[in-house]
Each structure stands twice: as C-alpha cells, then as structure tokens.
Amino acid sequence: MGGTSLDPALAEIGKKNGLLVWRINKFVLEPVPEVDHGVFYIGDAYIALYQKYDGCWDVHFWLGKNASTDEIGVAAIKTVEIDDSLGGIPTQHREIQNYESPLFLSYFPDGIRYVSGGYESGYRHVDDQFKNWKPHLFHCKGKRNVRCTEVECEVNSLNLGDVFILDLGKDLYVWMPPESGRLERIKGMARAKNIADHERMGIPKVHILDDVEWDNDSTFWSYFGGVSSVRKVSKGKDDDDNYWKRLTEQITLWKVSDASGAAKVSMVSQGENIRKEQLDPKDAFILDAINGGIFVWIGHECTLEERSKALIWGQNYLKQHHLPRWTQVTRVLESAESTQFTQWFRDWVDEKKKNTFTPLLFQVSDESGLLHVEEIANFTQEDLDGDDVMILDALNSIYVWVGANANANEKKEALNTAKLYLEKDKLPRHKKTAIDTIFQGKEPPTFKKFFPSWDDNLFKNEVRSVQNMRRLLFH
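So the sequence shown is numbered by the UniProt record's numbering: it starts at 1 and just counts up by one.
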C-alpha cells in the first residue's frame with residue numbers, strides 16, 4: 001500500500017473482505033462499529049469501503065442533507081487517502097441522502113436509518129439515555145431498499161401505505177397499516193429488533209401493530225391525538241422517484257479539459273456512436289448515462305492529482321448541466337472498469353471476461369395504483385418477491401417474473417411494463433431482444449442460471465411470510 005502518513009483510523013483497510021464504515025467527527029475519521037452500520041446522522045458525512053476480494057474495492061462517501069461544507073471536504077480528502085493507500089484502483093462513488101445507489105444500499109440488508117442531527121446530538125451512549133426521552137417517529141419507505149427517515153411525530157406524518165416506527169426509548173411500536181406491503185413490514189420489524197437488541201442492549205420491548213391492532217392501540221395513538229385520529233391518516237401514496245426520469249435523452253460522452261485550472265467539457269459522441277476507442281489514456285472523460293448516473297473515466301496516463309479530482313469534475317458537470325445534485329457520480333479507472341460502465345459501449349469486449357454485462361433485477365409493484373420500479377443490486381433468489389412482478393434484464397433477453405401473489409393489475413400490466421422498460425432503456429442491445437414471461441415455481445434453467453444459487457423448495461414454504469418472520473424475530 002502507498003502513503004507514508006496513513007490515518008490510524010484506516011489501519012484495517014485492505015486486510016479482509018467485507019464492509020468498513022467511518023464517520024467524520026470533528027474533522028476526524030472515526031470507525032463506526034459494525035452494530036451501527038446502517039445508521040446515519042443527517043448532519044454528518046461518512047465513508048464506506050467494501051472489499052469484494054483483494055484488489056476489488058468500492059469506496060463511497062455519503063453526505064447527509066445537513067452535513068457542513070467542512071465535513072464534506074474532510075470526507076473527500078479521506079476518500080482520496082483511502083484511494084491512494086489501495087494503489088489508486090478503487091471505484092469511487094458519491095452518495096447523497098435519500099438517493100443512494102442500489103450497490104450502496106445492498107451493504108445494509110435490514111435497510112438504513114436516518115437520525116436527525118449530527119453525531120454530537122446522538123443519545124445512544126449516555127448512561128441516562130432514557131431520561132427525558134422525546135418520542136421519535138421513523139418513516140420506513142421502500143420495498144427492497146428500505147430507508148427509515150425520522151419525521152415529525154404527528155398524525156400528518158402517517159399514511160396508510162407505509163410502515164412507521166414509534167420510538168419511545170424503552171418501547172418501540174412498529175405500525176403496519178393494511179396498505180403496507182409484506183416486505184416493508186418484514187424490514188420494519190427487523191429494523192425495530194435491531195434497535196432494541198443491538199443499539200439498546202435488549203432493553204426496549206417491541207410492539208407489533210398489524211392488521212388487528214393498527215387502528216386501536218391506545219398507547220400508540222396517544223402520541224397522535226388519540227384513537228379517533230386514525231380518521232385523519234392519509235391514504236398510501238407513491239412519492240418515490242420516477243424511474244423513467246430523463247429517459248427521453250441520449251447518453252453522451254464528454255472529454256474533460258482542465259488546462260486552465262477550471263474544468264471544461266466538450267462532447268465527443270452520443271447515443272449509439274459511443275465507442276471504447278474514443279477513450280484516450282492521456283485524458284479524463286465523463287459518460288452521462290442518464291438514469292444510470294454519471295461516470296468519470298480516468299486514463300492510466302493521468303496524474304494522481306487528476307485522479308483525485310474525478311468526483312469534483314463529476315459534481316461540476318452536474319452544475320453545468322443543471323442536473324439534480326443527488327445524481328449518482330462514480331469514478332472508474334482505465335483497465336479496472338466495472339460492467340456498470342462498460343455496458344454502455346456497444347463495442348466493449350473484455351478479454352478477461354466472457355460477458356461484459358451484469359444482469360439487472362428490478363422489482364415492479366403497483367400496490368397503490370402507481371407503478372414503482374426499484375433496482376436490486378447483488379441479488380439472489382430470495383429477492384424474488386411473490387407479491388410483485390420482477391424484471392430480469394439479461395441484455396439480449398428480458399424476463400418478466402410474475403409472483404404468485406402479484407395483484408391482478410400487476411399481472412395484467414407485466415408485459416407492458418417490460419415493453420416500456422425496453423423502449424425507454426438506452427443500453428446498446430440487439431434490436432430483437434426477446435421478452436419472456438415466467439411464473440413463480442415454473443422457472444426454466446435459462447432463468448435460474450442468472451442467480452448465484454437456486455433452491456426449488458424456496459417458494460414451497462411460508463418461511464418468508466410476515467407472520468412467520470414475526471415469530472422468528474420475536475419468539
């Protein structure tokens with residue numbers, strides 16, 4: 001490893017596979033214990049390093065919506081320090097609260113939880129943590145990639161389509177109204193148990209308010225104006241990002257020029273004209289993949305300083321093109337490109353790999369009458385949810401997997417959804433890409449091969465039901 005003055009907090013990097021997380025605390029890098037992985041203070045900045053295997057690293061710096069400019073600066077500097085110590089080859093990612101990448105979210109199977117304030121406002125590690133406790137309400141949003149965000153503890157914050165956790169210190173109430181989904185309920189229960197067992201040493205009691213108790217538990221409703229307030233709760237709503245945003249645009253490739261000290265970009269090509277040969281080892285390039293985010297490609301003849309500026313160039317590109325600040329920005333290095341980058345080049349052939357495309361899995365749900373599409377990274381068979389329709393994108397084949405309990409409209413619209421996905425998608429693929437509909441329990445070998453392992457018995461039992469998960473978690 002390079003670097004002669006490595007921060008002591010980074011002593012463990014590169015030693016073993018898995019996830020390491022640090023918080024910026026008073027401009028110092030502080031390791032986050034594994035028990036706290038997935039808890040983020042919105043006033044802070046964090047760095048996460050995931051080692052898949054020796055020589056394959058992804059480093060993410062996460063920015064809370066209230067993080068100070070100074071903390072963001074420290075996070076950027078420390079990210080460069082990590083990058084340098086690992087030989088300058090990690091893939092770098094910039095993550096913004098509420099808009100994290102599927103890859104980042106996949107590191108936290110039980111979802112993530114946003115806590116108000118910064119580290120200094122934390123209440124976990126004090127002896128009298130339960131004295132003068134103020135109620136906290138967390139809104140658990142999302143099906144696969146669950147985010148629990150602290151909201152105002154008032155009835156107007158509730159809705160009938162999502163799961164909420166009322167945190168009273170020594171008591172945790174998981175509120176699961178009728179319109180909330182199976183996976184959201186399971187993730188909500190798992191998050192509450194994690195808070196009770198790991199963050200609070202098993203002291204709190206967890207109360208599950210499901211189909212029977214959701215509208216009549218007097219203790220829960222006492223914090224929202226009484227049981228009669230249930231009439232004020234709004235119906236479920238889908239206010240997630242529209243998956244199809246910007247998809248009418250073409251992907252573009254830009255060359256970065258920093259000769260004057262102020263980075264400028266000039267378009268090289270767009271759409272189907274983008275080619276691997278257009279990437280010059282002496283220069284840096286930005287690939288705007290629309291819904292796929294922004295990639296900053298660094299040639300191997302670029303200087304260390306240019307490597308360290310990659311994410312800054314990406315952020316400047318967002319400003320210059322008036323794109324949302326939360327757009328994903330990823331740095332990739334020549335000869336270490338991920339398939340998430342190479343998939344956008346029609347002519348990219350990797351001699352080391354037979355396939356330069358990693359299959360993509362999406363969950364498509366229509367619980368509230370509005371289509372919601374959510375990507376699942378590092379997927380397994382267990383990610384196939386029988387309550388919904390899933391789309392598996394294998395580049396030259398699109399599979400529509402229909403869960404046994406998907407609602408009538410989801411089943412009816414499954415094929416149309418896949419056609420819309422294919423129509424809007426910008427990946428270079430065969431013009432006659434096939435769309436196959438597959439039903440739960442009748443998966444062919446051509447579908448199963450895209451999963452790390454397959455168990456035909458997985459769908460034959462009820463181990464993944466809400467009631468069974470409740471028994472497993474709390475009994």
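Note that the Cβ used here is the ideal one computed from N, Cα and C, for glycine as well.
Per DSSP, what kind of secondary structure is residue i in: helix, strand or coil?
i: V126; result: Reliability of the predicted coordinates at V126 is poor, the pLDDT of 40 falling under 50, and the value obtained from them is presented with this limitation in mind. Correct three-state label for V126: coil.
i: T339; result: helix
i: F357; result: coil
i: Q51; result: strand
i: Y243; result: In this prediction, Y243 scores a pLDDT of 46, lower than 50, which makes its location untrustworthy; no coordinate-derived value is stated.
i: Q250; result: coil
i: N416; result: helix
i: Q97; result: coil
i: F295; result: strand
i: F474; result: helix
i: G3; result: Model confidence at G3 stands at a pLDDT of 45, short of 50, so the residue's coordinates are unreliable and nothing is read from them.
i: D70; result: helix
i: Q320; result: helix
i: L172; result: strand
i: I195; result: helix
i: F450; result: coil
i: N159; result: strand
i: K282; result: coil
Quick one: Cα of residue i to Cα of residue j, how far?
i: K282; j: D436; result: 44 Å
i: A196; j: W22; result: 23 Å
i: K193; j: A9; result: 29 Å
i: V296; j: N17; result: 26 Å
i: I165; j: K141; result: 11 Å
i: R200; j: T252; result: 49 Å
i: K276; j: F220; result: 58 Å
i: V400; j: D36; result: 37 Å
i: Q250; j: D425; result: 10 Å
i: G122; j: I47; result: At G122 the pLDDT is 49, less than 50, meaning the model places this residue with poor confidence; the figure from the coordinates comes in the next sentence. If I take the Cα positions, the gap works out to 18 Å.
i: K205; j: L172; result: 6 Å
i: Q340; j: E34; result: 28 Å
i: K309; j: H372; result: 35 Å
i: D455; j: N405; result: 19 Å
i: I24; j: R429; result: 43 Å
i: Q343; j: G292; result: 10 Å
i: T69; j: G43; result: 11 Å
i: L279; j: E301; result: 12 Å
i: K419; j: S397; result: 12 Å
i: E213; j: V230; result: 12 Å
i: E305; j: E100; result: 27 Å
i: S335; j: D211; result: 54 Å
i: Y317; j: A414; result: 36 Å
i: K442; j: N468; result: 24 Å
i: D288; j: A377; result: 20 Å
Determine the contact status of residue i and residue j, defining contact as a CB-CB distance below 8 Å.
i: V329; j: I298; result: no
i: P135; j: C153; result: yes
i: A394; j: W313; result: no
i: N145; j: L103; result: no
i: W326; j: I286; result: no
i: K232; j: L160; result: no
i: L389; j: R182; result: It is Val, not Leu, that sits at residue 389 in the sequence shown. Not a contact, by the Cβ cut-off of 8 Å.
i: P359; j: F447; result: no
i: S180; j: D162; result: yes
i: I208; j: K170; result: no
i: E71; j: Y114; result: no
i: R147; j: I186; result: no
i: V265; j: V256; result: yes
i: F40; j: G64; result: yes
i: F108; j: V155; result: no
i: L392; j: I89; result: no
i: R331; j: T91; result: yes
i: E12; j: L6; result: no
What residues are listed by DSSP as bridge partners for residue i?
i: K309; result: According to DSSP, which records beta bridges pairwise, K309 is partnered with nothing at all.
i: E30; result: R23
i: Y92; result: The displayed chain sequence assigns Gln, not Tyr, to residue 92. BP columns for Q92 point to V59 and R331.
i: F40; result: Y114
i: P372; result: Checking the displayed sequence, the identity of residue 372 turns out to be His instead of Pro. Answer by DSSP bridge pairing, in chain order: S365.
i: A9; result: According to DSSP, A9 bridges with nothing at all.
i: T149; result: Y114 and H139
i: A434; result: S397
i: S218; result: Answer is none; S218 lacks a bridge partner.
i: M267; result: W254
i: residue 489; result: It is not possible to answer for residue 489, since the shown part of the chain is limited to 1 through 475.
i: A377; result: Answer by DSSP bridge pairing: none, since A377 is not bridged.
i: S106; result: According to DSSP, S106 bridges with nothing at all.
Is the number of C-beta pairs between the region 85 to 98 and the region 58 to 68 that are closer than 8 Å three or more? Output reads yes: the region 58 to 68 touches the region 85 to 98.
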